[in-house]
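Add 40 to a position in the sequence shown, counting from 1, and you land on the number used in the numbering used here.
Even for Gly, the Cβ is constructed at its ideal location relative to N, Cα and C.
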Amino acid sequence: MRVYLDNAATTPLDPEVIAVMTDVMKNQYGNPSAIHGPGREVRTLIEEARKTIARLLNVTPSEIFFTSGGTEADNMAIRCSVEDLEVTRIISSPIEHHAVLHTVQELANKSKVKLEMVKLTPTGQIDMVDLERLLHTGKDKTLVSLMHANNEVGSLLDLDAVGAMCQKYGALFHSDTVQTMAHYRFDLQKTHVDFLAASAHKFNGPKGVGFIYISNRNKIKPLLTGGSQERNMRSGTENVYGIVGLAKAFQISHDQMDEKTALISGLKNYMKERLKAEVDGVRFNGEENGLYTVLSVSFPPSKVADMLLFKLDIEGVSASGGSACSSGTDIGSHVMSALNADPSRPNVRFSFGKFNTKEDIDFTIEVLKKMHNTAVAT
Ligand code: PLP
Numbered sequence: 041m042r043v044y045l046d047n048a049a050t051t052p053l054d055p056e057v058i059a060v061m062t063d064v065m066k067n068q069y070g071n072p073s074a075i076h077g078p079g080r081e082v083r084t085l086i087e088e089a090r091k092t093i094a095r096l097l098n099v100t101p102s103e104i105f106f107t108s109g110g111t112e113a114d115n116m117a118i119r120c121s122v123e124d125l126e127v128t129r130i131i132s133s134p135i136e137h138h139a140v141l142h143t144v145q146e147l148a149n150k151s152k153v154k155l156e157m158v159k160l161t162p163t164g165q166i167d168m169v170d171l172e173r174l175l176h177t178g179k180d181k182t183l184v185s186l187m188h189a190n191n192e193v194g195s196l197l198d199l200d201a202v203g204a205m206c207q208k209y210g211a212l213f214h215s216d217t218v219q220t221m222a223h224y225r226f227d228l229q230k231t232h233v234d235f236l237a238a239s240a241h242k243f244n245g246p247k248g249v250g251f252i253y254i255s256n257r258n259k260i261k262p263l264l265t266g267g268s269q270e271r272n273m274r275s276g277t278e279n280v281y282g283i284v285g286l287a288k289a290f291q292i293s294h295d296q297m298d299e300k301t302a303l304i305s306g307l308k309n310y311m312k313e314r315l316k317a318e319v320d321g322v323r324f325n326g327e328e329n330g331l332y333t334v335l336s337v338s339f340p341p342s343k344v345a346d347m348l349l350f351k352l353d354i355e356g357v358s359a360s361g362g363s364a365c366s367s368g369t370d371i372g373s374h375v376m377s378a379l380n381a382d383p384s385r386p387n388v389r390f391s392f393g394k395f396n397t398k399e400d401i402d403f404t405i406e407v408l409k410k411m412h413n414t415a416v417a418t
């Protein structure tokens, strides 16, 4: 048996998504920039995809631009704010995904911006008092870049509250919503944000495609120059089947939102309760009511501690130690070290998706119990 509990890393494709993508691959080969019929048909597919996303976020299609994924969208928001919107200060956090963290650090190292890191609570939430203190001080044009949900521990940001605070202090607000887009509903007429980043492979869509939302308030120039695609905002021949697959996955996620949320939250809670009851000494990272797809577990020190992920894999369970995992545990995770995690306790991120079942959790618990008991006995 193989159990996949690494949905925060990537999700399996929805069969309906595969079907629409395959149809485009087989039948729609025109270049969307061409003026002939096959080209125009493909252009229509892209614009329909854009409209689907815009409608579900309650924005205009002119505010959605397709990218190669979350990394490009994050880079575009941050780099173009500095380049084109006179941003000279960035407020961010030490637990951002590297797509954000390495970008803001590079800009700071090149003296393009002053970088200030907001304080965190022990469970990985933003200290809102500290954020307001930072926003209150200084006269620099500021971009706040804070992720909606942390991909390792699942702590959530109050987007409405941070958006309102940024508006009050005249700061721009970018949020990396890669882990939450299509897992929660957004109404961007109610939430004040300037930029959001999304990636299709996190919601049962294809890899290598995503989008950026850019509020009409902000006029930036393209990050990638060339053939002027995406209304001159993102050059390069469009990833047509990727875009069509993204829109389909986005629509399905919204259609299934309530049942999907209930199913996945139920699996997460079930796993948490069973771990508490059956594996001695487990603790949980992140906040109690965090992202419903992620359960970050801190296991007690044991002889298998540093090989936990490898051993899980051998037993048939795919999980993750976090984005910086290289050795089978979370060693090297900038998130865990920013949260002062005890280095003797291995952390494993179990992340759930709509194709998981209760049997997957039962199987994983049995594997963990067996491993834990053997480790304690030896
Ligand atoms: N931001 C977060 C929070 C992520 O989890 C990821 C993916 O791991 C990314 C950005 C990067 O997205 P992509 O893989 O589409 O470049």
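Here's a check: name, in chain order, each residue in its chain whose Cβ is nearer than 7 angstroms to the Cβ of phenylalanine 395, leaving out the five neighbours to either side.
Closer than 7 angstroms at the Cβ level, and outside the excluded window around phenylalanine 395, lie Pro52.
Okay, do the segment 248-258 and the segment 64-72 touch, 3+ Cβ pairs below 8 angstroms being the bar?
Result no; under three Cβ-Cβ pairs closer than 8 angstroms.
With three or more beta-carbon pairs closer than 8 angstroms as the criterion, would you say the segment 209-223 touches the segment 152-164?
No: the two stretches stay apart, fewer than three of their Cβ pairs being nearer than 8 angstroms.
Starting from the C-beta of alanine 204, find all residues in its chain whose C-beta is less than 8 angstroms away, skip the five residues before and the five after it, and write them out in chain order.
Hits under 8 angstroms: His232.
Does arginine 42 pass the burial test, meaning 16 or more other C-beta atoms within 10 Å, or should it be called exposed?
Exposed, because fewer than 16 other Cβ atoms sit within 10 Å of the Cβ of arginine 42.
Excluding the 5 residues flanking threonine 418 on each side, which residues of the same chain have their C-beta closer than 7 angstroms to its C-beta?
Unreliable placement is indicated for threonine 418, whose pLDDT of 45 sits below 50; the coordinate value is still reported in the next sentence. For threonine 418, where only same-chain residues beyond five positions count, the Cβ hits under 7 angstroms are Lys343.
According to DSSP, is proline 340 helix, strand or coil?
Coil, per DSSP.
How big is the Cα-Cα spacing for tyrosine 224 and histidine 412?
Those two C-alpha atoms are separated by around 35 angstroms.
Using the rule of at least 16 other Cβ atoms within 10 Å of the residue's Cβ for burial, across every protein chain shown, is valine 169 buried or exposed?
Label assigned to valine 169: exposed.
Lysine 154 by DSSP, collapsed to three states: which one?
Here lysine 154 sits in strand by DSSP.
Given leucine 236, which residues of its chain have a CB within under 6 angstroms of its CB, disregarding the five upstream and five downstream residues?
Around leucine 236: Ser215, Thr217 and Tyr253.
By how many angstroms is the C-alpha of lysine 410 removed from the C-alpha of methionine 61?
Cα-Cα distance, rounded: 42 angstroms.
Using C-beta distances below 7 angstroms, list every residue in its chain close to serine 336, excluding the 5 sequence neighbours before and after it, in chain order.
Correct list, in chain order: Glu192, Val193, Gly194, Phe324, Asn325, Gly326, Asn387 and Arg389.
Determine contact between the segment 270-290 and the segment 311-319, defined as no fewer than three beta-carbon pairs at a distance below 8 angstroms.
Output reads no: the segment 311-319 does not touch the segment 270-290.
Among the residues of its own chain, which have a CB less than 6 angstroms from the CB of lysine 154, if the five just before and after it don't count?
Excluding residues within five positions, the ones whose Cβ falls inside 6 angstroms are Arg129.
Measuring straight from C-alpha to C-alpha, what distance separates threonine 404 and valine 357?
When rounded, the distance between both Cα atoms is 7 angstroms.
Pull up the distance between the alpha-carbon of aspartate 320 and that of aspartate 180, whole angstroms please.
Cα to Cα, the separation comes out at about 51 angstroms.
Would you mind working out which of Ala201, Leu197, Arg80 and Gly372 sits nearest glutamine 219, comparing C-alpha positions?
Here the closest residue by C-alpha is Leu197.
Does the ligand PLP have a heavy atom nearer than 7 angstroms to the CB of threonine 51?
The answer is no for threonine 51.
CA-CA distance, histidine 138 and proline 55?
If I take the Cα positions, the gap works out to 31 angstroms.
Identify whether isoleucine 104 lies in helix, strand or coil by the three-state DSSP scheme.
Strand, per DSSP.
How far does the beta strand (DSSP E) with histidine 241 in it extend, from its first residue to its last?
Looking at the DSSP string, histidine 241 is not in any beta strand (DSSP E), and its letter there is neither H nor E.
Who are the near neighbours of proline 340 in its chain, counting only those whose CB is closer than 6 angstroms to its CB and skipping five residues on each side?
Correct list, in chain order: Gly321.
Could you tell me which of His76, Gly77, Arg83 and Val57 sits nearest to threonine 277, measuring between CA atoms?
When only C-alpha atoms are compared, the closest one is Arg83.
The alpha helix (DSSP H) that contains valine 388, what's its start and end?
Per DSSP, valine 388 belongs to no alpha helix (DSSP H); it is in the beta strand (DSSP E), 387-391.
Output the boundary residues of the alpha helix (DSSP H) element that contains valine 375.
Run containing valine 375: 374-378, per the alpha helix (DSSP H) assignment.
Glycine 332 to tyrosine 44, Cα distance in whole Å?
The question names glycine, yet the displayed sequence has tyrosine at residue 332. Tyrosine 332 and tyrosine 44: Cα-Cα distance of roughly 16 angstroms.
Can you tell me whether leucine 408 is helix, strand or coil according to DSSP?
Correct three-state label for leucine 408: helix.
What do you reckon, are the CB atoms on alanine 94 and isoleucine 104 nearer than 8 angstroms?
Yes, the Cβ-Cβ distance between alanine 94 and isoleucine 104 is below 8 angstroms.
Are glutamine 68 and valine 280 close, meaning C-beta to C-beta below 8 angstroms?
Result yes, Cβ atoms of glutamine 68 and valine 280 sit closer than 8 angstroms.
Could you check whether the Cβ of glycine 110 sits closer than 7 angstroms to any heavy atom belonging to the ligand PLP?
Glycine 110 Cβ: within cutoff of the ligand PLP.
Given the structure, does aspartate 114 come close to the ligand PLP, in the sense that its CB is under 7 angstroms from one of the ligand's heavy atoms?
True, at least one ligand heavy atom lies under 7 angstroms from that Cβ.
On the three-state DSSP scale, how would you describe asparagine 258?
Asparagine 258 falls in the coil class under three-state DSSP.
Is the beta carbon of valine 140 less than 8 angstroms from the beta carbon of methionine 187?
Yes; because the gap between Cβ atoms is below 8 angstroms, this pair is in contact.
Measure the CB-CB distance between aspartate 46 and alanine 359 and report whether it falls below 8 angstroms.
Their beta carbons are under 8 angstroms apart, which means aspartate 46 touches alanine 359 by this criterion.
Going by beta-carbon coordinates alone, are isoleucine 166 and alanine 378 separated by less than 8 angstroms?
Going by C-beta atoms, isoleucine 166 is not nearer than 8 angstroms to alanine 378.
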